[in-house]
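**Q** Have a look at the structure that comes next, please.
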Amino acid sequence: MTTFTREQDVREAYAAHSGELYGFAVRSLGDAGLAEEAVQETFVRAWRAGERFDPEIGSLRTWLFAILRNVVIDLGRARSVRPGVGEGGIEPTVEPFEQALSAWQIEEAMRRIGSEHRRVIFETYYRGRPYAEVAKELGVPEGTVKSRVYYGLRALRVVLEEMGYED
Amino acid sequence: MKTDGCREWRTSLGAYVLGQLPEGERAALEAHLQGCPECRAEAESLRGVAHLMPLADPARIVEPAPRPPAELRERIEAVIGAEGAERAAGERRHRRRRRFGFAFGGIAAAAVAAVLVIVVFAGGSGEERWPEQQVAFKDLPQGMSIDAALEPHAFGTEIHMYVRGVRSGTLCRVFLRGADGRTYPAGSFRYRWGDDSDAVLSSALDLSRTRAIGVHAGGRTFVAPVSGGDATATVLQLNEEDPT
């Protein structure tokens, strides 16, 4: 596929990437309805600009996320000028796009790694529990918890690379 | 330097980059890293992951990933399908215009008349400069359309017919009517559903002597006027400001 101009291209891209695009749109916009709107707009814009897609410049996934980025910014802008928002003196905080993308990537990567690895990282890092306590709960030596944390981080790195993350 | 002992150190690297290693172990590991570029490189590669980790919202990690509803795919396909059909229709029209060689031209910038009668000149390829006539069939049954373009040639008239909205397989017989009131057969074609091309026919009647074009199709006859002068079907009137 050298361009993105056939309806079949859209179908294939939707099958491969809609889950991620939608997951991130929900994460970024905080609203399922808006996220659907954003994903729809992303595929429609991609289809309209299909002749400009060049796989030698970047992957289809990267291109779609770049379009989604613009869509999310446009939707955020539209939302910020909607009457009613900000009433009562509280402005909604809008997470910067890049930060939202990184946050979603690590959350998604955590969901994708094996449950044993996820469990030890979740308990020791996100819940701040001591290794000994987690080891006892799991019925394994403390060294096993430590090595699972290590292999868990390696697994996260692999998943993040698959998702296009670069240091 | 990498040694067999590296395996032990390696498994501590996760806890190390997450800042979870007790002070004593951390100091010992850092001493090892000083002399082991492989373990140092591994620690660095994990540090990128460790930097991202504080960004995550733990509550979202334990939730299942949201999935788009099935209707979203259907909506996107509907929008793209409609745009695709429109795009294909536009390409058809473009191809026809190119084939017919139509272009608005011959309008001098120094035109003095407020109302110009514009004759459409052929000029798409730049090789032929035949004045052409585009004919509009009006008052057709709903859903039906007939377009025709007539090109004068030394042999007579070349006719491009484009019919839509009749039953597939319908025989369409085309004729021209001359200034003498006689009817000149111009050939026939069958409309086929899904066929995007125009039918190309010809008649010995000279275009300058042609006053109407007609099509017999599906038991009915449709006629549109053709003229070098007064028929509105072939002449466009535009209001144009005097540029001066």
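First to last, the protein sequences are chains A and B.
Take the first sequence: its letters are residues 1 to 167, numbered as in our numbering.
Take the second sequence: its letters are residues 1001 to 1244, numbered as in our numbering.
Glycine is no exception: its CB is placed at the ideal position from the N, C-alpha and C atoms.
Being a predicted model, the structure only gives us computed values, none of them experimental.
Between the beta-carbon of F4 (chain A) and the beta-carbon of A13 (chain A), is there less than 9 angstroms?
**A** Pairing F4 (chain A) with A13 (chain A) gives a Cβ-Cβ distance under 9 angstroms.
**Q** Against L156 (chain A), what residues of chain B qualify as contacts under a CB-to-CB distance less than 7 angstroms, listed in chain order?
**A** The contacting residues are V1049.
**Q** Measuring only the C-alpha atoms, how far is V1200 (chain B) from F53 (chain A)?
**A** 38 angstroms
**Q** Just confirm the distance between the C-beta atoms of T1011 (chain B) and K146 (chain A), as a whole number of angstroms; I'd bet it's less than 8 angstroms.
**A** Going by Cβ atoms, the distance from T1011 (chain B) to K146 (chain A) rounds to 6 angstroms, so yes, they are a contact pair.
**Q** With DSSP as the reference, label V1215 (chain B) as helix, strand or coil.
**A** Strand at V1215 (chain B).
**Q** Can you list the residues of chain B that I67 (chain A) reaches, using a CB-CB cut of under 7 angstroms?
**A** Those within 7 angstroms of I67 (chain A) in chain B number zero; the least Cβ separation is about 13 angstroms.
**Q** Assign G1024 (chain B) to one of three DSSP states: helix, strand, or coil.
**A** helix
**Q** Looking at the unbroken beta strand (DSSP E) that takes in L1171 (chain B), where does it start and where does it end?
**A** L1171 to G1178
**Q** Please report the distance separating the alpha-carbon of P55 (chain A) from that of L1013 (chain B).
**A** 37 angstroms
**Q** At the 9 angstroms Cβ level, is P1068 (chain B) part of the contact set with chain A, yes or no?
**A** yes
**Q** Check whether the segment 1201 to 1208 of chain B touches the segment 1145 to 1155 of chain B, counting contact only when three or more Cβ pairs, one atom from each stretch, lie closer than 8 angstroms.
**A** Judged by Cβ distances under 8 angstroms, the segment 1201 to 1208 of chain B makes contact with the segment 1145 to 1155 of chain B, as three or more pairs qualify.
**Q** For R1073 (chain B) versus S18 (chain A), is the C-beta spacing smaller than 9 angstroms?
**A** yes
**Q** Please name the residue in B:V1135, B:G1084, B:A1088 and B:R1040 whose C-alpha comes closest to that of R1296 (chain B).
**A** The structure shown does not extend to residue 1296 (chain B), since chain B is modelled only from 1001 through 1244, so no value can be given for it.
**Q** Is the Cβ of G1090 (chain B) closer than 9 angstroms to any Cβ of chain A?
**A** no
**Q** For the beta strand (DSSP E) that G1187 (chain B) lies in, which residues bound it at each end?
**A** T1183 to R1190
**Q** Which residues does DSSP list as the beta-bridge partners of L1201 (chain B)?
**A** B:I1159
**Q** Roughly how many angstroms separate the alpha carbons of R118 (chain A) and I1061 (chain B), rounded to a whole number?
**A** 9 angstroms
**Q** Should Q40 (chain A) be labelled buried (16 or more other beta-carbon atoms within 10 Å of its own) or exposed?
**A** buried
**Q** Just by C-beta distance, which residues in the segment 1071 to 1082 of chain B are closer than 9 angstroms to chain A?
**A** E1071, L1072, R1073, R1075, I1076, E1077, V1079, I1080 and G1081
**Q** Taking only three categories from DSSP, how would you classify R127 (chain A)?
**A** coil
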